[in-house]
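Peer 1:
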Amino acid sequence: IRFFPKALEKILSVEMATYTESSEAPEVQLTAIKDHDVVNGHFVSFRWAEMAKNFGFAPKVRDEEISVHARELAAKIQDRSLAIHLRFGDYLSNPDLFPLITDSFLSKAITLVNGFDQIWIFTDDISNAKRFCPKIVDKSSFIFSQESMNGIDTFWLMTQFPKMITGNSTFS
Numbered sequence: 001i002r003f004f005p006k007a008l009e010k011i012l013s014v015e016m017a018t019y020t021e022s023s024e025a026p027e028v029q030l031t032a033i034k035d036h037d038v039v040n041g042h043f044v045s046f047r048w049a050e051m052a053k054n055f056g057f058a059p060k061v062r063d064e065e066i067s068v069h070a071r072e073l074a075a076k077i078q079d080r081s082l083a084i085h086l087r088f089g090d091y092l093s094n095p096d097l098f099p100l101i102t103d104s105f106l107s108k109a110i111t112l113v114n115g116f117d118q119i120w121i122f123t124d125d126i127s128n129a130k131r132f133c134p135k136i137v138d139k140s141s142f143i144f145s146q147e148s149m150n151g152i153d154t155f156w157l158m159t160q161f162p163k164m165i166t167g168n169s170t171f172s
């Protein structure tokens, strides 16, 4: 996701600095950004995103950043499609901090989100999705991983769904 200043025309003609999320406090970074700079990255800090919004930055994915493949997949999303985002990486490495999503959790969530015909799963680890959520994976129409789709396409495609379960997801 990219955050663009209001004067987009200026960006194309001025040398830009690119800022990414760091350990520096958001207010320190945000005040250093000039009108022609770009903020680029994967921001997991809600505080950073809220402050960026207060400074006048709006998240934007440029149309040309979305692949033809992602657009073709988006055309297959129906009114009764459900996306599920399953994250395992740091959850597996820190089981004391992060509870893992299981079939039991997802089954309960799915009963709350009734009225769907397709399940699309997005995950960072297909083998662990099958290990921890085998019943849900078996019911899925589509399953995507980091190997099959880049981050921008994944997050953009998930925004196209009318219903979504994101229990342990950066997307949530």
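My numbering applies: residue 1 is where the sequence shown begins, and numbers increase by one.
Beta carbons: idealized from backbone N, C-alpha and C, even for Gly.
Since we're looking at a predicted model, the values are computed, not measured.
With distances taken between CB atoms, is the gap from Ala83 to Phe132 smaller than 8 angstroms?
Peer 2: For the purposes of this step, residue 83 is identified with residue 83 of the sequence shown, where counting begins at 1. For the purposes of this step, residue 132 is identified with residue 132 of the sequence shown, where counting begins at 1. Cβ distance not < 8 angstroms, so Ala83 and Phe132 don't count as in contact.
Peer 1: What does DSSP give as the partner residues of Gln118 in its beta bridges?
Peer 2: Taking the first residue of the sequence shown as 1, we reach residue 118 at position 118. DSSP, once it has assigned bridges, lists Ser81 as partnering Gln118.
Peer 1: From Thr159 to Asp117, what does the alpha carbon distance come to, in whole angstroms?
Peer 2: As a working mapping, residue 159 is identified with position 159 in the sequence shown. As a working mapping, residue 117 is identified with position 117 in the sequence shown. Looking at the two C-alpha atoms, the distance is approximately 18 angstroms.
Peer 1: Pull up the distance between the alpha-carbon of Val44 and that of Phe155, whole angstroms please.
Peer 2: Along the sequence shown, read from residue 1 onward, the residue named residue 44 stands at position 44. Along the sequence shown, read from residue 1 onward, the residue named residue 155 stands at position 155. Confidence at Val44 is low in this model, with a pLDDT of 48, below 50, so the placement of that residue should be treated as unreliable; the coordinate-derived value is given next. Taking the straight line from one Cα to the other gives about 13 angstroms.
Peer 1: Compute the Euclidean distance between the alpha carbons of Ala109 and Ser67, then round it to the nearest angstrom.
Peer 2: Counted from its first residue, the sequence shown places residue 109 at position 109. Counted from its first residue, the sequence shown places residue 67 at position 67. Ala109 and Ser67: Cα-Cα distance of roughly 31 angstroms.
Peer 1: Less than 8 angstroms between C-beta atoms, sequence neighbours within five positions excluded: which residues of the same chain meet that for Thr102?
Peer 2: Walking along the sequence shown from the start, residue 102 turns up at place 102. So the list reads Phe132, Cys133, once near-sequence residues are dropped.
Peer 1: Only counting the same chain, and skipping five residues up and downstream in sequence, which positions put a Cβ closer than 8 angstroms to that of Leu100?
Peer 2: Within the sequence shown, the letter at position 100 stands for residue 100. The answer, listed in chain order, is Phe88, Tyr91, Leu92, Phe132, Asn168.
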